[in-house]
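Inspection log for the structure reproduced underneath, given as structure tokens.
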Amino acid sequence: MSNQSIRPGLAAVSVLGGMATLGLTDNFVPFISERGSLWQFHFVRSLMAVAILGAVVALGFGSLRPKRPWAVLGRSLFQGGAMLIYFGCLSVLPIGVVVAGLFTSPLFVVLISVLFQGKQVGPYRWCAVGIGFAGALLVIRPDPSALDWVAFAPILAGLLYAVGAVATRAWCEGESTLTLSAGFFGVLGIFGLIGMALIPGTGAPEGHAGFVLRSWGPLDAPMLFWFAVQAVGSLIGIALIVRGYLIGEASHVAVFEYSLLVFASFWAWMLWGQAVPPLALAGMALIACAGSIIALRSDTPVSAGRAPAGEAP
């Protein structure tokens, strides 16, 4: 890894901005899953997102050409696979179970950093990850009685997401945010195309239950509008998250992804009047505490691969 400066504060702000954006767009997914298809969702949204990226490049802002194509592809496969599992599970599992599984990713990030990258992780960061995960559980309150073997799928999504997060800097340092965003949406678009080709077009249940089992749904004006909202919102959010991982250590940045629960709940309250119960507020306080610990332990920019004297990274 090069000696490119790591900027933990700016990385945290970038990820928080991305999570605020995604927290808003996630509140609109039910408008799509009611009549649409998971595979159609990823295919159409990816087409729109890549078209927007192409327009940005055509205007002279950056390039989509990767410096290391195989590294970008590998990273995109992990991140795309995680999101495919995540959205697919939303139609067959309680959302609390799905989100709890995905939010094991910071734990996996720290484990990967220690086991495969030889990084030293101090007790404060281990404590912050544990606090953040406990806060997430308080917010979503998963029901243990609903768990079965299918419930392990979101945990697999968390693992894949963690590998992709670590790979963002370890494999793709020097790649542009535009390139990595295009790779992510490109892979999801291919996943959607494969799904539409393999999934039968008949026999799917009505409503949200048929989200994964439909090959295609109506593509009328309202659906196109919500696809466009998803494309623009997710493009902005994911670009900010990618930027955060490019300029920060993955094990520092990952804890700030817990803020998605806070932002999603905030937008649900603002848009739909959904109140947050006291237990969930306590969980959000723990999440904020975890993020503060990480920020305070990472307030001095360091060179990649080197920690400040006397301090574990």
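According to my numbering, the sequence shown is numbered sequentially starting from 49.
Cβ coordinates follow ideal geometry from the N, Cα and C atoms, glycine included.
Beta carbon of A213, beta carbon of Y293: below 9 Å? As a first step, residue 213 is located in the sequence shown; it is residue number 165 there, counting from the start. As a first step, residue 293 is located in the sequence shown; it is residue number 245 there, counting from the start. Yes, the Cβ-Cβ distance between A213 and Y293 is below 9 Å.
Among the candidates V147, A252, L207, I284, whose CA atom is the shortest distance from the CA of S229? Position 181 of the sequence shown holds residue 229. Nearest option by C-alpha distance: I284.
As a quick exercise: from F232, F259, A312, pick the residue whose alpha carbon is nearest that of G128. In the sequence shown, counting from the first residue as 1, residue 128 sits at position 80. Taking only the C-alpha atoms, the option nearest G128 is F232.
Please check the pair M67 and L334, which I expect to be a contact at CB under 8 Å, by giving their CB distance rounded to whole angstroms. The residue given as residue 67 occupies position 19 in the sequence shown. The residue given as residue 334 occupies position 286 in the sequence shown. At roughly 16 Å, the Cβ-Cβ gap does not stay under 8 Å, so M67 and L334 are not in contact.
Can you find a CB in chain E that lies within less than 9 Å of the CB of A245? In summary, chain E is missing from the structure at hand, where a single protein chain is found.
As a quick exercise: from A323, I341, E297, pick the residue whose alpha carbon is nearest that of Q165. Here residue 165 refers to the residue found at position 117 of the sequence shown. Looking at the Cα atoms, E297 is the closest of the given residues.
Comparing C-alpha positions only, which one of A205, Y172, S81 sits nearest to G255? Within the sequence shown, residue 255 is the residue found at index 207, counting from 1. The shortest Cα separation from G255 among A205, Y172, S81 belongs to S81.
Going straight from the alpha carbon of G243 to that of W87, what length do you get? Here residue 243 is taken as the residue at index 195 of the sequence shown, counted from 1. Here residue 87 is taken as the residue at index 39 of the sequence shown, counted from 1. The alpha-carbon atoms of G243 and W87 are separated by roughly 6 Å.
Considering Cα atoms alone, identify which of S340, A330, G339 is closest to I188. Along the sequence shown, read from residue 1 onward, the residue named residue 188 stands at position 140. Nearest of S340, A330, G339 to I188, Cα basis: A330.
Quick one: Cα of F259 to Cα of W274, how far? Start at 1 with the first residue of the sequence shown, and residue 259 comes out as number 211. Start at 1 with the first residue of the sequence shown, and residue 274 comes out as number 226. Taking the straight line from one Cα to the other gives about 15 Å.
Using a Cβ-Cβ cut-off of 8 Å (strictly less than) and excluding sequence neighbours within five positions of L208, which residues of its own chain qualify? In the sequence shown, counting from the first residue as 1, residue 208 sits at position 160. If we look at L208 and ignore the five residues flanking it on each side, its Cβ neighbours are F126, Q127, G129, A130, I133.
Within the continuous alpha helix (DSSP H) that includes P117, where are the two ends? Counting from one through the sequence shown, the residue named residue 117 turns up at place 69. Note, P117: alpha helix (DSSP H), 117 to 137.
Taking 8 Å as the threshold, find out whether the stretch 233 to 253 comes into contact with the stretch 315 to 325 through three or more Cβ pairs. no
Assuming the contact rule is C-beta atoms closer than 8 Å, P202 and G149 should be a hit. Round their C-beta distance to whole Å, please. As a working note, residue 202 is residue 154 in the sequence shown. As a working note, residue 149 is residue 101 in the sequence shown. That pair is a contact at about 2 Å.
To test your reading of the DSSP string, which unbroken alpha helix (DSSP H) runs of 4 or more residues are found completely within the stretch 180 to 250? 200 to 218, 225 to 246
For a test of the three-state rule: what should DSSP assign to V169, helix, strand or coil? By one-based count along the sequence shown, residue 169 stands at place 121. Looking at V169 - three-state DSSP - the assignment turns out to be coil, as it is neither helix nor strand.
Span of the alpha helix (DSSP H) holding F156? What you label residue 156 is simply residue 108 of the sequence shown in a count that begins at 1. Run containing F156: 153 to 163, per the alpha helix (DSSP H) assignment.
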